[in-house]
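**Q**
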Amino acid sequence: MLKYSTYRSIYDKAPVVESLGHNPITRCSAQIKEITELLLEGLMRLFRRDYVIKLTLIIVLVLSGLTVVGNVFAGSTTLMKDEKRVVVERGDTLWSIALENKPSDMKTAVYIEGIKKSNGIKGSQIDAGDILTLPIY
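Its first residue numbered 1, the sequence shown is counted upward by one per residue in full-length UniProt numbering.
Shown next, in the form of structure tokens:
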């Protein structure tokens, strides 16, 4: 008869080995392993294909919204350049209005072209009562 055997049945429960003292390293490493598994599981759920598409779409929308808001607030405060308005009186011509309002070092014809461009005038016809916007250089 055998007195000592190393044979262990597969139906027997595995012996539980308990340490004499509490080993904080093994307990801490088990907690780290659990936390890591939970984080990895959460990341795997997050990076499923449908979530990635939704997350990408949300990020693009937020960035484009911030870009629009940034452009609105970063623009200059004076969008309109300086200009002067004149009411055309009877007998006024573009030439006479240009002579009165142009800078002294500018040619009259050049200033007339500026008046035409700023008011959308194609010819040289203006009528009494018209309001002209004169550019200021």
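Note that CB positions come from ideal geometry on N, CA and C, so glycine has one too.
When the Cα atoms are used, what is the spatial distance from V69 to L57?
**A** When rounded, the distance between both Cα atoms is 18 Å.
**Q** Report yes if the C-beta distance between I126 and R85 is below 9 Å; otherwise report no.
**A** Contact flag unset, no.
**Q** Using 10 angstroms around the beta-carbon of K107, count the other beta-carbons present and answer buried if the total reaches 16, otherwise exposed.
**A** So K107 ends up on the exposed side.
**Q** Would you kindly report the start and end of the unbroken beta strand (DSSP E) that includes T93?
**A** From DSSP, T93 is part of no beta strand (DSSP E); its letter is neither H nor E.
**Q** Where does I131 fall in DSSP's three states?
**A** Three-state DSSP puts I131 in a strand.
**Q** What are the start and end residues of the alpha helix (DSSP H) that includes E112?
**A** Per the sequence shown, the amino acid found at residue 112 is Ile instead of Glu. It spans T108 to N119 - the alpha helix (DSSP H) in which I112 sits, taken as one unbroken run.
**Q** Is the separation between the beta-carbon of P135 and that of G120 shorter than 9 Å?
**A** Not a contact, by the Cβ cut-off of 9 Å.
**Q** Among residues of its own chain, excluding the 5 on either side of L39, which ones have a beta-carbon nearer than 8 Å to its beta-carbon?
**A** If we look at L39 and ignore the five residues flanking it on each side, it has no Cβ neighbours.
**Q** In angstroms, rounded to a whole number, what distance separates the CA positions of L66 and I35?
**A** So the alpha carbons of these two residues sit roughly 36 Å apart.
**Q** Apply the 10 Å Cβ neighbour rule to A109 and answer buried if 16 or more other Cβ atoms are within range, or exposed otherwise.
**A** Burial call: exposed.
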